[in-house]
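Chemist: For reference, the structure I am asking about is given below.
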Ligand SMILES: [Fe+2]
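Residue numbers (this note's numbering): 7 to 496.
Right, dumping it as structure tokens:
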């Protein structure tokens with residue numbers, strides 16, 4: 007009998023959905039600007055089958071990709087599984103074969119050595135391909151229009167690392183997709199790789215080095231000349247995996263680091279500069295730039311662990327106050343003999359899932375958007391919530407003037423990561439829209455909200471009803487129609 011466990015991760019709003027869908031011309035309140043012509047892709051973790059070990063974290067669900075195609079003021083919706091090797095093996099078996107998150111010791115014998123990736127973290131367009139990404143495995147290639155899965159790529163054998171981050175960045179100057187891998191020689195290894203992939207899909211070069219300790223390396227930033235890697239003490243060990251503890255644990259006794267890697271094919275480990283800082287939680291990055299030797303990196307930072315499901319390594323209780331993330335600015339100057347990065351807070355909003363206008367990646371920029379927890383707003387979700395700590399607000403920061411805006415989605419709702427859409431390819435930075443999924447937690451439904459990007463406080467200009475409940479998603483991206491056209495015509 008198939009029955010999902012009666013635990014919070016699989017009940018209520020989190021009840022499995024597992025729906026592939028094609029719905030044309032979604033119901034819209036308000037007006038979708040007719041010039042909007044492109045697609046919003048996003049991904050949610052969704053277990054194909056009940057978890058092998060009886061319970062599981064959402065991060066271990068299989069990737070389900072949603073696409074919202076905007077054209078002529080209308081929106082079409084398509085949703086498909088990212089059919090990873092894991093998905094196919096389990097689909098054929100009719101049950102879960104892989105065990106706990108990032109723990110191959112818990113897998114069935116018959117799948118030992120197979121790629122465990124779930125492609126559940128990001129849906130990224132580059133060179134006309136859709137990449138469905140999970141940081142523990144290679145990139146999964148899908149068709150950006152049909153959402154058919156083609157399979158994992160090693161870039162014609164040129165990628166020798168085992169993993170490809172879920173947070174690539176496209177350099178707006180070169181068009182290269184910049185990415186990296188960690189645990190690049192296998193589970194728990196401290197090996198790191200940096201990759202650049204040309205707009206034609208050719209892997210141009212790899213750089214290899216070692217991190218000071220094994221850490222969750224979830225995101226990074228690029229500048230014109232450097233790739234920047236925050237290293238935080240979200241770590242693991244074979245002892246943890248043998249005990250089937252959560253893969254990651256947070257170790258406050260270890261320092262954090264910033265690695266500065268020159269973006270050049272000739273770079274070796276010896277060329278990398280390391281800067282130290284106090285133990286902190288640094289997950290996603292906003293953006294970064296360099297002016298000569300002076301490097302600026304903006305990212306949400308918490309003074310302690312922000313992920314309760316990856317607990318403190320010494321079993322200290324989770325603290326939502328020290329686990330709150332604030333947009334911060336780390337700076338270093340490579341011409342100085344510095345050993346530590348400097349850090350300052352940029353906003354007092356509790357914010358994560360930072361987004362900006364992708365056309366200014368690696369450049370000095372002005373505007374950012376965040377998923378914000380506003381504890382001053384009421385939370386009226388039946389059955390309680392985590393003490394009012396709900397991602398209930400879209401936040402906006404103007405880093406030039408310091409001005410901020412917020413849009414609260416109400417007492418029974420939460421939001422998913424926003425995504426910026428430029429008005430046109432050459433529009434000024436920030437001139438465009440924000441698209442964002444909102445979770446209507448009591449109604450168990452989902453909507454897509456569209457805002458004027460620089461005026462989010464005014465509320466959405468359009469509300470698009472999604473006829474299927476989406477689960478909590480992770481990341482998404484916008485692709486102009488031109489970016490996927492070649493495959494559409496093929
Ligand atoms: Fe992420």
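In this text, a Cβ means the ideal position worked out from N, Cα and C, and glycines have one as well.
(1) Per DSSP, what kind of secondary structure is residue 24 in: helix, strand or coil?
(2) In chain order, what residues of the same chain lie with their CB nearer than 6 Å to the CB of residue 487, ignoring the 5 residues before and after it?
(3) Find out if the Cβ-Cβ distance for the pair residue 78, residue 39 is shorter than 8 Å.
(4) Measure the alpha-carbon distance for residue 392 versus residue 19 and round it to whole angstroms.
(5) For the beta strand (DSSP E) holding residue 348, just list the boundary residues, first then last.
(6) If you draw a straight line from the C-alpha of residue 285 to the C-alpha of residue 239, how long is it?
(7) By a C-beta neighbour count over all protein chains shown, 10 Å radius and 16 as the cutoff for buried, is residue 155 buried or exposed?
(8) Got a sec? Which residues, its chain only, sit under 8 Å from residue 123 by beta carbon, not counting five neighbours each side?
(9) Out of 188, 178 and 213, which has the shortest C-alpha to C-alpha gap to residue 205?
(10) Taking a contact to mean a Cβ-Cβ separation below 8 Å, would you say residue 329 touches residue 312 in this structure?
(11) Measure the Cβ-Cβ separation of residue 335 and residue 364 and say whether it is below 8 Å.
(12) So, using beta-carbon positions, are residue 47 and residue 468 closer together than 8 Å?
(13) Write down every uninterrupted run of the beta strand (DSSP E) in the region 188 to 267 whose length is 3 residues or greater and which is fully enclosed by it, in chain order.
(14) Would you grab the beta carbon distance between residue 377 and residue 423 for me? Rounded to a whole angstrom, and I think it's under 8 Å.
(15) Once you ignore the five residues that flank residue 12 on each side, which residues in its own chain have a CB closer than 8 Å to its CB?
(16) Is it the case that the Cβ atoms of residue 418 and residue 374 are separated by a distance below 8 Å?
(17) When you measure from the CB of residue 225 to every non-hydrogen atom of ligand 3, does any distance come out below 7 Å?
(18) If contacts are defined as beta-carbon pairs under 8 Å, then residue 198 and residue 190 qualify, I think. What distance do you get, rounded to the angstrom?
(19) For residue 232, which residues of its own chain have a beta-carbon under 7 Å away from its beta-carbon, when the five flanking residues on both sides are left out?
(20) Measuring straight from C-alpha to C-alpha, what distance separates residue 51 and residue 135?
(21) Determine the contact status of residue 256 and residue 316, defining contact as a CB-CB distance below 8 Å.
(22) Taking DSSP as the reference, what is the three-state secondary structure of residue 400?
(23) Are the Cβ atoms of residue 433 and residue 368 separated by less than 8 Å?
(24) Can residue 9 be considered in contact with ligand 1, in the sense that its beta carbon sits closer than 7 Å to one or more heavy atoms?
(25) Check whether the region 74 to 88 and the region 104 to 119 are in contact - that is, three or more C-beta pairs closer than 8 Å.
(26) Among 213, 236, 306 and 298, whose alpha-carbon lies nearest the alpha-carbon of residue 275?
(27) Any heavy atom of ligand 1 within a distance shorter than 7 Å of the CB on residue 288?
(28) Where residue 479 and residue 343 are concerned, what is the direct C-alpha to C-alpha distance, given to the nearest angstrom?
(29) So, at 7 Å on beta carbons, what are the nonlocal neighbours of residue 101 in its own chain, with the 5 sequence-adjacent residues on each side left out?
(30) Runs of 3 residues minimum, wholly inside the region 58 to 116: which ones carry the beta strand (DSSP E) assignment?
(31) Taking 7 Å as the cut-off, is the C-beta of residue 127 nearer than that to any heavy atom in ligand 1?
(32) Just the C-alpha distance for residue 497 and residue 58, rounded to the nearest angstrom, thanks.
(33) Can you find the residues in the same chain that come closer than 8 Å, C-beta to C-beta, to residue 243, ignoring five residues on each side of it along the sequence?
(34) Considering just the uninterrupted stretch of the beta strand (DSSP E) at residue 372, what are its terminal residues?
Modeler: This is what the structure gives:
(1) coil
(2) 43 and 44
(3) no
(4) Because residue 392 carries a pLDDT of 46, less than 50, the predicted location of this residue cannot be relied on, and no value is offered for it.
(5) 348 to 361
(6) 7 Å
(7) buried
(8) 90, 91, 92, 140, 142, 143, 144, 146 and 158
(9) 178
(10) yes
(11) no
(12) no
(13) 197 to 203, 209 to 216 and 232 to 237
(14) 6 Å
(15) none
(16) no
(17) Inclusion of ligand 3 in the displayed structure is not the case, the ligand content consisting of ligand 1 alone.
(18) 6 Å
(19) 266, 267, 268, 269, 296 and 301
(20) 21 Å
(21) yes
(22) strand
(23) no
(24) no
(25) no
(26) 213
(27) no
(28) 42 Å
(29) 55
(30) 68 to 77 and 80 to 87
(31) yes
(32) The shown model of the chain, from 7 to 496, leaves out residue 497, and the question about it has no answer.
(33) 194 and 220
(34) Residue 372 -> no beta strand (DSSP E), and no H or E assigned at all.
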